[in-house]
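Protein chains in written order, with our numbering: chain A, 58 to 369; chain B, 47 to 344. Every residue gets a Cβ at the ideal spot worked out from N, C-alpha and C, and that includes glycine.
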């Protein structure tokens with residue numbers, strides 16, 4: 058790699074612009090915050106995708122993060138935003154550490170299926186848990202930052218700003234992780250994991266670490282989305298939610314840590330408008346877009362950017 | 047004792063239903079190595095086609111008994127139209143790619159088909175319960191069951207054994223085994239592999255559609271009805287071992303009985319129990335109960 062790496066400056070500049078844009082366009086705050094939260098989940102999924110693994114159950118950690126936030130507010134009355142977010146991350150990573158012990162042994166379709174099974178178990182449990190609102194879920198009270206309200210109708214910008222900061226920290230850390238030897242193992246594992254073992258690296262450990270990071274990011278994303286939307290339900294763990302994350306991950310590609318957030322924005326915007334104007338054909342558009350990306354841009358939309366960059 | 051019998055009866059009825067749906071999924075995976083996420087949508091297509099045809103038939107005051115013919119006709123129509131369209135128009139360009147890529151392609155197909163269904167049939171629900179009640183009911187273990195459920199069981203047994211017999215005893219079935227075993231050598235030996243793929247996918251589609259068509263009289267046919275079916279079918283084939291016919295049968299039986307036991311004794315864990323079984327099998331027999339050993343490639 059001789060080319061200069063502009064990822065971090067570009068990322069920080071983009072988020073700074075976002076912060077200003079958020080001030081100018083208060084109506085978009087909800088959508089932007091939502092996209093950032095879901096982008097975090099996709100960022101984690103991207104780590105796994107780089108390793109050649111597709112998790113069809115990332116909704117599990119997303120849902121866990123959200124329910125952690127909801128339950129703390131509902132049952133213990135804890136509304137301090139930093140505590141809530143930390144709990145979301147902690148729950149996501151803890152479950153990922155445990156499940157990762159198993160998941161790290163699986164590849165390909167079986168990895169997808171086992172992750173699907175775990176998320177559907179969570180869905181099945183939540184749907185029948187009356188204390189957590191069964192299929193309806195329950196509302197999440199607006200959180201506070203050091204005692205001051207954040208989020209909700211009036212303080213949406215504060216929550217958005219916090220999301221921007223969290224995303225930049227998460228993206229920078231992930232970017233740095235990708236540059237470590239462990240992070241660089243990912244494409245090697247995807248190409249030929251037996252050779253990676255011969256080099257003396259442990260494939261299982263590498264996958265486990267990625268799985269835990271992905272779980273933590275999804276937990277954080279879920280926590281953020283729960284606070285933004287103010288409502289959570291078991292649908293968050295259903296397989297279609299996980300499918301949506303995969304969709305965005307494939308669309309954005311694995312080229313850069315910025316890609317998942319860009320993809321997430323595009324997806325949320327398309328969804329909002331398509332849902333309004335053609336509720337019966339928007340999935341058709343999504344599906345066709347996914348096919349086009351798989352056929353023509355196997356490395357995701359991001360690869361179109363790097364292609365242009367290579368040309369110039 | 048009586049409760050146990052009822053549990054068994056419910057379980058077997060549910061298993062038959064699961065098996066019909068899983069059969070097509072397992073056939074397509076076994077031959078083409080495609081885990082078809084759109085299988086649930088094909089099932090829904092079958093249900094909608096059946097709803098339309100039966101509705102038309104009854105609406106014109108024809109013989110009610112022939113509505114069963116309409117169910118079968120619907121499934122065949124969906125298979126013959128959608129199967130070749132999807133295989134020739136899309137999947138054919140994807141062969142030889144990673145299984146995960148194929149999974150994603152069929153996921154895209156799932157998204158597309160969900161909306162195609164809404165475009166053709168709209169979003170309101172269809173009800174065609176006539177064939178369900180037509181055969182009357184019978185008593186078993188103190189409970190009343192519609193005779194229609196026996197049809198379900200019969201269809202699952204016939205479909206499963208017919209498929210197994212074709213694979214084992216016919217010339218085409220033996221050629222198909224060769225294709226499954228080694229696609230490249232089969233091509234070299236002059237087997238028309240792409241035709242086998244086309245026929246396999248069409249039959250798989252037909253099996254999904256017959257599952258849907260037979261379900262249509264028992265439920266309200268609504269958008270999204272295939273969404274939950276696909277994960278259930280996945281659970282069945284994963285438990286049995288992907289691409290294995292006896293595996294699918296065993297998987298359907300296990301999942302069906304577990305669910306029925308859960309419904310009878312502990313309704314809160316109904317949905318959850320199915321996926322616990324799926325996860326448990328994957329944990330202890332990662333390739334499913336009926337999977338063979340695999341060669342490690344370096």
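Neighbour list for residue 296 of chain A in chain B, Cβ cutoff strictly below 7 Å: Your numbering for residue 296 of chain A matches position 239 in the first chain. Here the neighbours are 277.
Own chain partners of residue 273 of chain A with C-beta closer than 6 Å, once the 5 adjacent residues on each side are dropped: Within the first chain, residue 273 of chain A is the residue found at index 216, counting from 1. Taken in chain order, the residues that qualify are 146, 149, 150.
Residue 352 of chain A to residue 303 of chain A span [Cα, whole Å]: What you label residue 352 of chain A is simply residue 295 of the first chain in a count that begins at 1. What you label residue 303 of chain A is simply residue 246 of the first chain in a count that begins at 1. Each residue's Cα considered, the two are about 16 Å apart.
Residue interval of the beta strand (DSSP E) (run including residue 335 of chain A): One-based indexing of the first chain puts residue 335 of chain A at position 278. Neither: residue 335 of chain A is in no beta strand (DSSP E) and is coded neither H nor E.
Residue 340 of chain A: contacting residues in chain B (beta-carbon distance under 8 Å): What you label residue 340 of chain A is simply residue 283 of the first chain in a count that begins at 1. Within 8 Å Cβ-Cβ: 157, 158, 160, 161.
Per-residue DSSP class, three states only, for residue 174 of chain B: For the purposes of this step, residue 174 of chain B is taken as the residue at position 128 of the second chain. Reduced to three states, the DSSP call for residue 174 of chain B is coil.
Range of the contiguous beta strand (DSSP E) that encloses residue 185 of chain B: Translated into positions along the second chain, residue 185 of chain B becomes position 139. Counting along the chain, the beta strand (DSSP E) containing residue 185 of chain B begins and ends at 183-186.
Residue-chain proximity (residue 136 of chain A, chain B), Cβ-Cβ < 8 Å: Counting from 1 along the first chain, the entry for residue 136 of chain A is found at position 79. Cβ-Cβ to chain B under 8 Å: no for residue 136 of chain A.
Under 8 Å by beta carbon: chain A residues contacting residue 325 of chain B: On the second chain, position 279 is the one that residue 325 of chain B refers to. 171, 174, 175, 178, listed in chain order.
Contact set for residue 157 of chain A: own chain, Cβ-Cβ below 7 Å, skip 5 residues either direction: For this step, residue 157 of chain A is matched to residue 100 along the first chain. Contacts found: 265, 268, 269.
Extent of the continuous alpha helix (DSSP H) to which residue 189 of chain A belongs: As a position in the first chain, residue 189 of chain A is number 132, starting the count at 1. Per DSSP, residue 189 of chain A belongs to no alpha helix (DSSP H) and is neither H nor E.
Proximal residues of chain B, C-beta to C-beta of residue 345 of chain A below 8 Å: Position 288 of the first chain, counted from the first residue, corresponds to residue 345 of chain A. Going along chain B in sequence order, the residues near residue 345 of chain A (Cβ under 8 Å) are 154, 158.
Minimum Cβ-Cβ distance from residue 280 of chain B to chain A less than 8 Å: For the purposes of this step, residue 280 of chain B is taken as the residue at position 234 of the second chain. Residue contact with chain A for residue 280 of chain B: present (Cβ-Cβ distance below 8 Å to some residue of chain A).
Positions along the stretch 104-118 of chain A whose CB lies within less than 7 Å of some CB in chain B: 111
Proximity below 8 Å, CB of residue 86 of chain B to CB of residue 275 of chain B: Taking the first residue of the second chain as 1, we reach residue 86 of chain B at position 40. Taking the first residue of the second chain as 1, we reach residue 275 of chain B at position 229. Yes, the pair counts as a contact, with Cβ atoms nearer than the cut-off.
For residue 337 of chain A and residue 77 of chain B, the rounded distance between their alpha carbons: In the second chain, the residue the question calls residue 77 of chain B occupies position 31. In the first chain, the residue the question calls residue 337 of chain A occupies position 280. Rounded to the nearest angstrom, the two C-alpha atoms are 34 Å apart.
C-beta atoms of residue 423 of chain B and residue 335 of chain B nearer than 8 Å: Here chain B has residues from 47 to 344 only, and residue 423 of chain B is not among them.
Proximity of residue 123 of chain A and residue 282 of chain A at Cβ, strictly below 8 Å: The residue labelled residue 123 of chain A in the question sits at position 66 within the first chain. The residue labelled residue 282 of chain A in the question sits at position 225 within the first chain. Cβ distance < 8 Å, so residue 123 of chain A and residue 282 of chain A count as in contact.
Minimum C-alpha distance to residue 333 of chain B - residue among B/289, B/129, B/206: Position 287 of the second chain, counted from the start, is the residue given in the question as residue 333 of chain B. For the residues B/289, B/129, B/206, the minimum Cα distance to residue 333 of chain B belongs to B/289.
Local Cβ density within 10 Å of residue 165 of chain B, reported as buried at 16 or more and exposed below that: Within the second chain, the letter at position 119 stands for residue 165 of chain B. Flag for residue 165 of chain B reads exposed.
For residue 255 of chain A, three-class secondary structure by DSSP: What you label residue 255 of chain A is simply residue 198 of the first chain in a count that begins at 1. Annotated three-state conformation of residue 255 of chain A is helix, per DSSP.
Pick from A/263, A/136, A/230, A/232 that is closest to residue 245 of chain A, judged by C-alpha positions: Sequence index remark: in the first chain, residue 245 of chain A carries index 188 (1-based). Residue A/263 is the option with its Cα nearest to residue 245 of chain A.
Bridge-paired residues (DSSP) for residue 196 of chain A: Here residue 196 of chain A corresponds to residue number 139 of the first chain, with the count starting at 1. In the DSSP output, where bridge partners are listed per residue, residue 196 of chain A has A/288.
Residues near residue 227 of chain A by beta carbon distance below 8 Å, same chain, minus five either side: Taking the first residue of the first chain as 1, we reach residue 227 of chain A at position 170. Once the five neighbours on either side are set aside, the close Cβ partners of residue 227 of chain A are 97, 100, 274, 277.
Residue-chain proximity (residue 132 of chain B, chain A), Cβ-Cβ < 8 Å: Working through the second chain from its first residue, we reach residue 132 of chain B at position 86. Taking Cβ atoms only, chain A never reaches closer than 8 Å to residue 132 of chain B, which makes this a no.
Proximal residues to residue 312 of chain A (C-beta, below 8 Å), its chain only, five neighbours per side dropped: On the first chain, residue 312 of chain A is found 255 positions in, with the first residue counted as 1. If we look at residue 312 of chain A and ignore the five residues flanking it on each side, its Cβ neighbours are 356, 357, 359, 360, 362, 363.
Neighbour list for residue 220 of chain B in chain A, Cβ cutoff strictly below 8 Å: By one-based count along the second chain, residue 220 of chain B stands at place 174. Within chain A, no residue comes near residue 220 of chain B; the closest Cβ sits about 27 Å away, beyond 8 Å.
Option in B/307, B/317, B/57, B/285 with minimal Cα separation from residue 72 of chain B: Residue mapping note: residue 72 of chain B aligns to position 26 of the second chain, counting from 1. That would be B/285, whose Cα lies nearest to the Cα of residue 72 of chain B.
Close beta carbons around residue 129 of chain B, own chain, < 6 Å, minus the five adjacent residues each side: The sequence position of residue 129 of chain B within the second chain is 83, counting from 1. The residues are 247, 248, 251.
Neighbouring residues, chain A, relative to residue 321 of chain B (Cβ below 7 Å): Position 275 of the second chain, counted from the start, is the residue given in the question as residue 321 of chain B. Within chain A, the residues near residue 321 of chain B are 174, 177, 178, 181.
Alpha-carbon to alpha-carbon, residue 125 of chain A and residue 90 of chain A: Position 33 of the first chain holds residue 90 of chain A. Position 68 of the first chain holds residue 125 of chain A. Approximately 19 Å between the Cα atoms of the pair.
Terminal residues of the alpha helix (DSSP H) in which residue 192 of chain B lies: Here residue 192 of chain B refers to the residue found at position 146 when the second chain is read from its first residue. Per DSSP, residue 192 of chain B is not a residue of any alpha helix (DSSP H); the beta strand (DSSP E) it occupies stretches across 189-192.
Contacts of residue 353 of chain A in chain B (Cβ-Cβ under 7 Å): Taking the first chain and counting its residues from 1, the one referred to as residue 353 of chain A is at position 296. Within 7 Å Cβ-Cβ: nothing; residue 353 of chain A doesn't reach chain B, min ~12 Å.
Run of the alpha helix (DSSP H) containing residue 180 of chain A, from where it starts to where it stops: Residue numbering aside, residue 180 of chain A sits at position 123 when the first chain is read from its first letter. Annotation for residue 180 of chain A: the continuous alpha helix (DSSP H) segment containing it runs 165-184.
DSSP-derived helix/strand/coil call for residue 237 of chain A: As a position in the first chain, residue 237 of chain A is number 180, starting the count at 1. The answer is coil: DSSP assigns residue 237 of chain A none of H, G, I, E or B.
Neighbour flag for residue 167 of chain A against chain B, beta carbons, 8 Å: Position 110 of the first chain, counted from the start, is the residue given in the question as residue 167 of chain A. Cβ-Cβ to chain B under 8 Å: yes for residue 167 of chain A.
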